[in-house]
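Heads up: the structure comes next, in C-alpha cells.
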Amino acid sequence: MYLDNSATTKVSDEVLEEMLPYLKDEFGNPSTLYSIGRESKKALEEARQRVANAINAKKDEIFFTSGGSESDNLAIKGIAFKLQKKGKHIITSDIEHPAVKETLHFLESLDFKVTYLPVYENGIIKIEDLKEAITPETILITIMHGNNEIGTLQPIEEIGKIAHENGIVFHTDAVQTFGKVEIDVEKQNIDLLSVSSHKINGPKGVGAIYIKKGIRLIPLIHGGGQEKGIRSGTENVAGIVGFGKAAELACSQLDEHAQKLSKITNELTEKVLDTIPESYLNGDRIQRLPNVVNFRFTAIEGESLILLLDSKGYQASTGSACSSNTLEASPVLTALGLDPVNVHGSLRISLAPESDEFDVDEFVNILSEAVKRLREMSPLWNQELDYDGVMCKKHDDCRRC
Amino acid sequence: MDYSEKVMDHFANPRNCKKMENPDGVGTVGNPTCGDLMTIYIKVDGDVISDISFQTFGCGAAIATSSMITEIAIGKTLDEALKISRNDVAEELDGLPPIKMHCSNLAADGLQAAIENYYETHQS
Chain D
103 MYLDNSATTK VSDEVLEEML PYLKDEFGNP STLYSIGRES KKALEEARQR VANAINAKKD
163 EIFFTSGGSE SDNLAIKGIA FKLQKKGKHI ITSDIEHPAV KETLHFLESL DFKVTYLPVY
223 ENGIIKIEDL KEAITPETIL ITIMHGNNEI GTLQPIEEIG KIAHENGIVF HTDAVQTFGK
283 VEIDVEKQNI DLLSVSSHKI NGPKGVGAIY IKKGIRLIPL IHGGGQEKGI RSGTENVAGI
343 VGFGKAAELA CSQLDEHAQK LSKITNELTE KVLDTIPESY LNGDRIQRLP NVVNFRFTAI
403 EGESLILLLD SKGYQASTGS ACSSNTLEAS PVLTALGLDP VNVHGSLRIS LAPESDEFDV
463 DEFVNILSEA VKRLREMSPL WNQELDYDGV MCKKHDDCRR C
Chain Y
632 MDYSEKVMDH FANPRNCKKM ENPDGVGTVG NPTCGDLMTI YIKVDGDVIS DISFQTFGCG
692 AAIATSSMIT EIAIGKTLDE ALKISRNDVA EELDGLPPIK MHCSNLAADG LQAAIENYYE
752 THQS
C-alpha cells in the first residue's frame, strides 16, 4: 500500500486517457498555424482554463512550467531581479521546500537579504513576526501554503493582506495544497502561486505558475517567447493536457476527498497516539492538510522503520538524516524545536483520494509491532543510558559530527 | 537505500540482538543526535570472545553491521577481534552504499570499545 503521496502520485486512468492522443497523432507544435498545430493549441488553452478554474484565476494568468520547483524559482528570482532597484529584502519561513529555500540562498549570494520567520512548535508562523520583519526594502514575501513534511497550513490570506497593505508582492508555494485545500487567489490575496501536476494524479514534469494580472517578472528561460514570453520552450502538450484534467478532477471533488481523507488521518492519529507509547504528532493537529500526518516515536530511527514497514507492504517516508542523500536531519522538523534525537524517529503518511482501502486498524497494528521491535533493539529505549560524551570516533570523511 | 541482500537479511533477522546480563565488556559508540548509537556486549573466556550481543539505535546499515560483527567476532581471540576493521564488516555484508560506509558502519569501533572496556575492568 502506497502511503507516500506527498512525494508523488499515480497518474489516474482518466488523466492518462486524455493525454494519449497528444503523445500519438496529435503531436503538433502549438505555435504553428496549420490544423494539427491548432489542435495542440486548443488543448493547451483548455488545460489553462481548467487550472485557472481550480484557483479562481483568469486563464491568461496561468503559465505552464516544468513543475513546482521551476515555478518557485521563476516567482522568486523573477520578482527579485525585476524589483531589485526598489529593494533587496525578502521574507520567508523557516520550513520552505528546498525549491524556495535554495533559491533564496542563491539570491543571498547576490547580496539580497532574507528574513526567515520561525514557525514554533505547531509549525505555523506568527503574523506579528511577519509584521515586524517588513522593512521599506522588502519586495517579496514567499511563504508556503501547506508544508510538504508535516502538512501544516500557513495563514496565507492574512499574509497576503499584510503584503498588500505594505505594497509587497506575495508568492505562495501551493504544491502540496493544490487540489486538496480550497485555493482562491482573489480572496486569499495571492500575487504568485506555484503548483505541480504530479502531486494530484497528473504526470510528472509539468506545473504552472499563477501570475496576477499586472505583476511583472523577469523570465528564467529565454527563447521563442512561448507562454507570452514568461516561459520559452515548446510546450509539453501531453503533460499539460494531463495536468489540466488532473486539476479538474481534483478540484471538482475537493470537498468530498478532503472530508474522506481527514476522517482517515484523524482516525489514524488517534489510534497511533493511543496505541503506541511515546508517540507524537508533528505539526498542528487542526491547521493541516487533510491527507498528511507526521508522527515521531522516541528511541527509534526512521530509516529502519521505513524498511520494516516496506517489508510489510507499506511505503511511507521519514525525515531521518540516515534516509536523506545529504545525511542531514529534516530541517522542517528541526525548525519545530524538536530534540535532534527525536527528529530521527519521524514517519510521514500521505494519502491520496484512491487510498480508500487503507485499513487504519491493520496499519496501526503493523506500525505498533515495528516500533516495538526497533525499540527492543535500541539502547535508548527504557534504559538509563547516559550518552552524553559518547561520540563516534572521529573520521575525517564523516560529515555529520 | 540500495542495500545488498545480505544487509537486508541481517537487518530483518539480526543475530545476537539483546542486552547482555553481566557482560565482561561493554562499548557504546555513535551519537544519537546523528542518528546512530550502538552498544556491543562481550563475554570473555580466557582470551576468547565466548559470547557477544548488541543493541543499536540507527538505520538499516547500522543494525546490519552490528549484527554482522557479532558473527565475525564470536570465537575469536581479543587480539584477533581488535583487528576487525570497518571494511571487513562491509565486505562480509557484500558492501554498503557509499554514504553509509562511515557514519553507520560503527560496529568495529563498538567492538573495540567493548574490548577496551574489558581490559580496563579486568586487568590491573
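Protein chains in written order, with my numbering: chain D, 103 to 503; chain Y, 632 to 755.
Glycine included, each C-beta is placed from N, C-alpha and C at the ideal position.
Residue i at chain D interface by Cβ criterion, 7 Å
i                 : result
Gln754 of chain Y : no
Thr687 of chain Y : yes
Pro654 of chain Y : no
Leu724 of chain Y : no
Gly757 of chain Y : Nothing in the structure corresponds to residue 757 of chain Y, since chain Y is present only between 632 and 755.
Thr701 of chain Y : no
Thr670 of chain Y : yes
Pro729 of chain Y : no
Thr696 of chain Y : no
Gly706 of chain Y : no
Gly691 of chain Y : yes
Gly658 of chain Y : no
Gly666 of chain Y : yes
Ala739 of chain Y : no
Contacting residues, own chain, Cβ-Cβ under 6 Å from residue i (five flanking each side not counted)
i                 : result
Ser381 of chain D : Val374, Leu375, Phe397, Phe399
Thr371 of chain D : Leu383, Val395
Ile261 of chain D : Ile245
Cys197 of chain D : Inspection of the sequence shows that residue 197 of chain D is occupied by Ile rather than by Cys. So the qualifying residues of the chain are Val221, Asn249, Val434, Ala437.
Ser173 of chain D : Thr167, Ser296, Gly309, Ile311
Thr420 of chain D : Gly404, Ile408, Ser448, Leu449
Interface flag, residue i vs chain Y, CB-CB below 7 Å
i                 : result
Leu409 of chain D : yes
Leu435 of chain D : no
Leu482 of chain D : yes
Ser406 of chain D : yes
His497 of chain D : Low per-residue confidence applies at His497 of chain D: pLDDT is 47, beneath 50, and the placement is therefore not dependable, though the value from the model is reported in the following sentence. Judged by the 7 Å Cβ criterion, His497 of chain D is in contact with chain Y.
Val443 of chain D : yes
His324 of chain D : no
His446 of chain D : yes
Met121 of chain D : no
Met246 of chain D : no
7 Å Cβ cutoff met for residue i and residue j
i                 : j                 : result
Ile292 of chain D : Thr274 of chain D : yes
Ala437 of chain D : Val221 of chain D : yes
Thr254 of chain D : Gly447 of chain D : no
Val308 of chain D : Gly341 of chain D : yes
Thr217 of chain D : Ile193 of chain D : yes
Ile671 of chain Y : Ala745 of chain Y : yes
Val287 of chain D : Tyr312 of chain D : yes
Ile178 of chain D : Ile285 of chain D : no
Leu363 of chain D : Gly180 of chain D : no
Leu185 of chain D : Ile241 of chain D : yes
Glu405 of chain D : Ser422 of chain D : yes
Met651 of chain Y : Ser684 of chain Y : yes
Asn107 of chain D : Ser452 of chain D : yes
Phe214 of chain D : Ala182 of chain D : yes
Leu727 of chain Y : Val660 of chain Y : no
Ser735 of chain Y : Asp667 of chain Y : yes
Gly658 of chain Y : Gly741 of chain Y : yes
Other residues of its chain near residue i: CB distance less than 7 Å, five sequence neighbours each side excluded
i                 : result
Lys714 of chain Y : none
Arg501 of chain D : Caution applies to Arg501 of chain D, whose pLDDT of 47 falls short of 50 and renders its modelled position unreliable; the value that the coordinates give is listed next. Closer than 7 Å at the Cβ level, and outside the excluded window around Arg501 of chain D, lie Leu429.
His300 of chain D : Thr110, Thr111, Lys306
Asn444 of chain D : Arg398, Thr400
Ser171 of chain D : Ala201
Ile164 of chain D : Arg150, Val153, Ala154, Ala310, Tyr312
Pro392 of chain D : Lys282, Ala360, Leu363, Ser364, Thr367
8 Å CB neighbourhood of residue i in its chain, flanking five on each side removed
i                 : result
Lys160 of chain D : Ala154, Lys315
Val473 of chain D : Ile378, Ser381, Phe399, Ile402, Leu407
Asp463 of chain D : Lys373
Lys233 of chain D : Ile264
C-beta neighbour in chain A for residue i, strict 7 Å
i                 : result
Cys424 of chain D : Considering every chain present, this structure includes no chain A. Its protein chains are D and Y.
field: Residues from the region 211-235 of chain D in contact with chain Y, defined by Cβ distance under 7 Å
entry: Going along the region 211-235 of chain D in chain order, one finds no residue with a Cβ nearer than 7 Å to chain Y.
- prompt: Okay, do the region 689-699 of chain Y and the region 715-733 of chain Y touch, 3+ Cβ pairs below 8 Å being the bar?
  reply: Between the region 689-699 of chain Y and the region 715-733 of chain Y, the count of C-beta pairs closer than 8 Å reaches three or more; the two stretches touch.
query: How do the region 698-712 of chain Y and the region 475-482 of chain D stand: do at least 3 beta-carbon pairs fall below 8 Å, yes or no?
result: No, because fewer than three Cβ pairs between the region 698-712 of chain Y and the region 475-482 of chain D fall closer than 8 Å, the two stretches do not touch.
message: Which residues of the region 382-403 of chain D have a Cβ closer than 9 Å to any Cβ of chain Y? Give them in chain order.
response: Legend: CB atoms of the region 382-403 of chain D lying less than 9 Å from CB atoms of chain Y belong to residues Ala401, Ile402, Glu403.
query: For the region 637-651 of chain Y, which residues have a beta carbon sitting closer than 9 Å to at least one beta carbon of chain D?
result: Contact annotation: in the region 637-651 of chain Y, residues whose CB is within less than 9 Å of a CB in chain D are Met639, Phe642, Ala643, Pro645, Cys648, Lys649, Lys650.
message: Pairs of beta-carbons, one from the region 110-127 of chain D and one from the region 341-360 of chain D, closer than 8 Å: are there three or more?
response: Enough Cβ pairs lie closer than 8 Å, so yes.
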